[in-house]
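Comments concern the structure below.
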Amino acid sequence: MALWSGRFQEDVSEFTQEFGASLPVDKALYHQDIAGSRAHAHMLAAQGIISKDDAAAIDKGLASIEARIEAGEFPFDINNEDIHMSVESVLTEEIGDAGARLHTGRSRNDQVVTDTRLFAKKRCVDLMHANIELRRVLIEQAQEHFDVILPGYTHMQHAQPVLFSHHLLAYVWMLTRDFERISAAYFAADACPLGAAALAGTTYPLDRFATAESLGFAAVIQNSLDAVSDRDFLLDLLYACSVSCMHLSRLCEELILWSTTEFGFITLSDAFSTGSSIMPQKKNPDFAELIRGKTGRVVGDLVALLVTMKSLPLAYNKDLQEDKEGAIDAAKTLEDCLVCAAGMIASMETHEEAMFEAACKGYLAATDVADYLAKKGMPFRQAHEVVGHLVLLCEQRSCDLSDLSLEDFRAESELFEDDIAGALDIESIVRARTTFGGTGHDAVAEQLDSALVALAADETALDELAASVL
Ligand code: ARG
99 MALWSGRFQE DVSEFTQEFG ASLPVDKALY HQDIAGSRAH AHMLAAQGII
149 SKDDAAAIDK GLASIEARIE AGEFPFDINN EDIHMSVESV LTEEIGDAGA
199 RLHTGRSRND QVVTDTRLFA KKRCVDLMHA NIELRRVLIE QAQEHFDVIL
249 PGYTHMQHAQ PVLFSHHLLA YVWMLTRDFE RISAAYFAAD ACPLGAAALA
299 GTTYPLDRFA TAESLGFAAV IQNSLDAVSD RDFLLDLLYA CSVSCMHLSR
349 LCEELILWST TEFGFITLSD AFSTGSSIMP QKKNPDFAEL IRGKTGRVVG
399 DLVALLVTMK SLPLAYNKDL QEDKEGAIDA AKTLEDCLVC AAGMIASMET
449 HEEAMFEAAC KGYLAATDVA DYLAKKGMPF RQAHEVVGHL VLLCEQRSCD
499 LSDLSLEDFR AESELFEDDI AGALDIESIV RARTTFGGTG HDAVAEQLDS
549 ALVALAADET ALDELAASVL
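Heads up, the final residue of the sequence shown is numbered 568 in our numbering, and it's a clean run with no missing numbers.
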């Protein structure tokens with residue numbers, strides 16, 4: 099019998115019961131649901147709305163239900179359409195009237211979004227942990243291969259040589275911003291809707307501030323209509339997950355390219371590769387591809403909720419029940435991707451010679467040869483033209499700039515002298531990029547320090563947040 103059976107003369111069909119149920123999804127929120135109910139019952143007693151004995155019975159009953167859920171012994175039944183009704187109906191069966199008083203001054207509308215906010219906060223903390231681990235692994239690889247040089251690309255064409263550590267650190271900064279976005283989602287979720295009841299507040303003297311505080315919320319939501327109908331915090335989380343997954347897809351795309359025969363810059367460990375059922379020689383970067391592919395699904399979760407929310411009138415509408423599945427999925431997907439990427443990066447083998455060899459091809463010194471002339475007084479545009487001719491000459495002779503003789507250089511400009519060899523040395527070219535944030539060894543060392551400082555600061559901030567989630 100439904101909790102609202104008083105007004106109804108006919109039951110919904112088995113099909114609609116199942117169609118309307120959210121239990122298979124919101125089961126995941128049992129811990130938050132029970133914590134919310136315990137806090138609510140405690141507050142009801144403190145305010146003299148229910149007796150202390152009833153509150154104690156509720157508390158004991160809920161603790162026992164939680165233990166049974168965790169032991170896999172709770173009688174979940176789809177006739178109780180969601181986690182809230184499941185817990186409440188078993189509680190009432192077991193402790194009688196006290197259980198039936200738990201829902202005083204509360205609606206599932208404020209209950210569900212309280213649970214969801216608590217859950218979102220917890221998942222943000224989990225994601226921030228996974229984010230930090232991946233950053234740590236990337237930083238360790240950057241430290242270990244600090245001065246390895248590889249070609250930097252624009253348009254997927256060789257452009258200028260860069261340090262491998264610099265390249266890896268670019269991803270560390272993306273992830274550092276992801277951390278900020280996830281913590282912004284945490285703060286967006288960190289306000290308590292409980293006490294808004296169905297939509298308008300209640301006639302009971304609830305203490306909303308007490309429940310908010312005991313559940314670890316930083317604030318109480320100001321407007322009861324907004325409290326039950328706002329899902330911005332989930333959109334924030336979904337957006338943060340989408341951007342972070344997109345970053346991982348870029349990283350994985352590079353790992354896939356680098357592990358091809360054509361590049362040969364890295365070898366992924368066997369633990370992060372698969373074989374082929376027909377081609378015995380194959381070793382495929384399946385997991386990197388899977389992370390790249392999962393991005394589509396996470397972005398899909400974001401778009402799904404955005405579209406669900408569009409045009410929804412105030413206040414609660416059953417459409418909102420669609421909010422949790424995608425958010426749970428996106429957080430789990432991103433967490434798994436972060437963990438998988440960290441394992442993959444930590445265990446990959448780096449082929450330093452192959453990277454350096456590639457950096458010696460494709461006239462990567464051209465910009466520096468033009469700078470050489472410009473520094474000797476030739477306007478940069480003219481220097482660009484001169485080096486363009488030299489590159490053309492190399493193309494015709496199928497050689498590199500470093501294979502040209504001083505005479506070849508001087509035929510294009512009298513400004514070339516013996517010291518041109520310095521402008522052609524790949525290692526010096528990298529070292530000379532001293533601009534703040536550039537790829538020069540000193541600039542990257544400084545950058546590495548900053549990345550470590552940011553990592554340590556985020557770890558400290560995370561410890562604090564982790565202490566206040568349920
Ligand atoms: N299962 C519902 C959800 O996830 C709980 C709230 C139901 N409220 C209602 N008035 N039908 O949104």
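Glycine included, C-beta positions come from ideal geometry on N, C-alpha and C.
All of these numbers come straight from a predicted model, not from anything done at the bench.
Enumerate, from N- to C-terminal direction, the unbroken beta strand (DSSP E) stretches of 3 or more residues contained entirely within the stretch 233-270. 247-252, 255-261
Any idea what DSSP makes of Glu447, helix, strand or coil? The sequence position of residue 447 within the sequence shown is 349, counting from 1. Three-state DSSP puts Glu447 in a strand.
Same chain only: Cβ atoms within 8 Å of Thr212, ignoring 5 sequence neighbours per side: In the sequence shown, residue 212 corresponds to position 114, counting from 1. So the qualifying residues of the chain are Gln130, Gly134, Cys290, Pro291, Leu292, Leu313.
CA nearest to the CA of Asp151, picked from Val188, Val467, Leu200: To locate residue 151, count along the sequence shown from 1; it is residue 53. Ranking the options by Cα distance to Asp151, first place goes to Leu200.
Give the straight-line distance between the Cα atoms of Arg166 and Ser566, rounded to the nearest whole angstrom. On the sequence shown, residue 166 is found 68 positions in, with the first residue counted as 1. On the sequence shown, residue 566 is found 468 positions in, with the first residue counted as 1. Between the alpha carbons of Arg166 and Ser566 lies a distance of about 25 Å.
Find the nearest neighbour of Leu563 within the set Ala161, Arg479, Arg221, Phe507, judged by alpha-carbon distance. Translated into the one-based positions of the sequence shown, residue 563 becomes position 465. Selected option, being the one with the closest Cα: Arg221.
Give the range of the alpha helix (DSSP H) segment to which Val326 is assigned. As a position in the sequence shown, residue 326 is number 228, starting the count at 1. Counting along the chain, the alpha helix (DSSP H) containing Val326 begins and ends at 322-327.
Please report the residue range of the alpha helix (DSSP H) in which Ile181 lies. For the purposes of this step, residue 181 is taken as residue 83 along the sequence shown, with counting starting at 1. Run containing Ile181: 181-193, per the alpha helix (DSSP H) assignment.
Arg206, buried or exposed, once every other Cβ within 10 Å from all chains shown has been counted against 16: The residue labelled residue 206 in the question sits at position 108 within the sequence shown. Buried, by the Cβ-count rule.
Taking the runs of the beta strand (DSSP E) that are 3 residues or longer, which of them lie wholly in the stretch 125-176? none
Glu179 beta carbon near the ligand ARG (any heavy atom closer than 7 Å): On the sequence shown, residue 179 is found 81 positions in, with the first residue counted as 1. It does: the Cβ of Glu179 is within 7 Å (strictly closer) of some heavy atom of the ligand ARG.
Applying the 10 Å Cβ sphere with the 16-neighbour rule, what's the burial state of Glu191? To locate residue 191, count along the sequence shown from 1; it is residue 93. Under this definition Glu191 is an exposed residue.
Do you know offhand how far Gln545's Cα is from His253's? Against the sequence shown, residue 545 aligns to sequence position 447. Against the sequence shown, residue 253 aligns to sequence position 155. If I take the Cα positions, the gap works out to 25 Å.
Kindly indicate which three-state DSSP category Ser497 falls into: helix, strand or coil? The residue you call residue 497 lines up with position 399 of the sequence shown. Sequence inspection shows Cys at residue 497; the Ser mentioned does not correspond to that position. Coil, per DSSP.
Any 3 or more C-beta pairs closer than 8 Å across the stretch 346-366 and the stretch 380-400: yes
Looking at the ligand ARG, does it come within less than 7 Å of Lys416, judged from the CB to the closest heavy atom? As a working note, residue 416 is residue 318 in the sequence shown. Flag set: Cβ of Lys416 near the ligand ARG.
Can you look up Cys350 in the DSSP assignment and give me helix, strand or coil? In the sequence shown, counting from the first residue as 1, residue 350 sits at position 252. Here DSSP, grouped into helix, strand and coil, assigns Cys350 to helix.
Just how far apart, CA to CA, sit Lys474 and Val396? Stepping through the sequence shown from its first residue, residue 474 is reached at position 376. Stepping through the sequence shown from its first residue, residue 396 is reached at position 298. Rounded to the nearest angstrom, the two C-alpha atoms are 53 Å apart.
Shorter than 7 Å, the distance from the beta carbon of Ser322 to the closest heavy atom of the ligand ARG, or not? By 1-based counting over the sequence shown, the position of residue 322 is 224. No, the ligand ARG has no heavy atom inside 7 Å of this Cβ.
Report yes if the C-beta distance between Pro122 and Val528 is below 8 Å; otherwise report no. The count along the sequence shown starts at 1 and reaches residue 122 at position 24. The count along the sequence shown starts at 1 and reaches residue 528 at position 430. No, Cβ-Cβ distance for Pro122 and Val528 is not below 8 Å.
Under 7 Å: does the beta carbon of Phe419 sit that close to some heavy atom of the ligand ARG? For this step, residue 419 is matched to residue 321 along the sequence shown. Before going further, note that residue 419 is Gln rather than Phe in the sequence given. It does: the Cβ of Gln419 is within 7 Å (strictly closer) of some heavy atom of the ligand ARG.
Are at least three pairs of beta-carbons, each pair with one atom in the stretch 489-500 and one in the stretch 546-558, less than 8 Å apart? In short, these stretches do not touch, since the Cβ pair count stays below three.
Considering only C-alpha positions, which residue in the set Val489, Phe370, Arg348 is nearest to Val437? Position 339 of the sequence shown, counting from 1, holds the residue named residue 437. Val437 has its Cα closest to that of Phe370, out of Val489, Phe370, Arg348.
The ligand ARG heavy atoms versus the CB of Ser184: any closer than 7 Å? The residue you call residue 184 lines up with position 86 of the sequence shown. Not so, every heavy atom of the ligand ARG lies at least 7 Å from the Cβ.
Give the secondary structure of Ile376 by DSSP, where H, G and I count as helix, E and B as strand, and everything else as coil. If you number the sequence shown from 1, residue 376 lands on position 278. Reduced to three states, the DSSP call for Ile376 is coil.
Looking at Glu450: is its Cβ nearer than 8 Å to the Cβ of Ile364? For this step, residue 450 is matched to residue 352 along the sequence shown. For this step, residue 364 is matched to residue 266 along the sequence shown. At least 8 Å separates the beta-carbon of Glu450 from that of Ile364.
Cβ-Cβ separation, Ala228 to Glu433 (assumed contact under 8 Å), whole Å: Walking along the sequence shown from the start, residue 433 turns up at place 335. Walking along the sequence shown from the start, residue 228 turns up at place 130. Their Cβ separation, rounded to whole angstroms, is 5 Å, which keeps Glu433 and Ala228 in contact under 8 Å.
Taking only heavy atoms of the ligand ARG into account, decide whether any of them is closer than 7 Å to the Cβ of Asp124. Working through the sequence shown from its first residue, we reach residue 124 at position 26. Asp124 Cβ: within cutoff of the ligand ARG.
Do Ala428 and Leu336 have their C-beta atoms within less than 8 Å of each other? Stepping through the sequence shown from its first residue, residue 428 is reached at position 330. Stepping through the sequence shown from its first residue, residue 336 is reached at position 238. Yes, these two residues count as a Cβ contact at 8 Å.
Output the boundary residues of the alpha helix (DSSP H) element that contains Asp469. Against the sequence shown, residue 469 aligns to sequence position 371. Element bounds for Asp469: 464-473.
If the criterion is Cβ atoms closer than 8 Å, does the pair Ile163 and Ile193 meet it? Within the sequence shown, numbered from 1, the residue matching residue 163 stands at position 65. Within the sequence shown, numbered from 1, the residue matching residue 193 stands at position 95. Going by C-beta atoms, Ile163 is not nearer than 8 Å to Ile193.
Between Val246 and Leu232, is the Cβ-Cβ spacing less than 8 Å? To locate residue 246, count along the sequence shown from 1; it is residue 148. To locate residue 232, count along the sequence shown from 1; it is residue 134. Taking 8 Å as the cut-off, the beta carbon of Val246 is found no closer than this to the beta carbon of Leu232.
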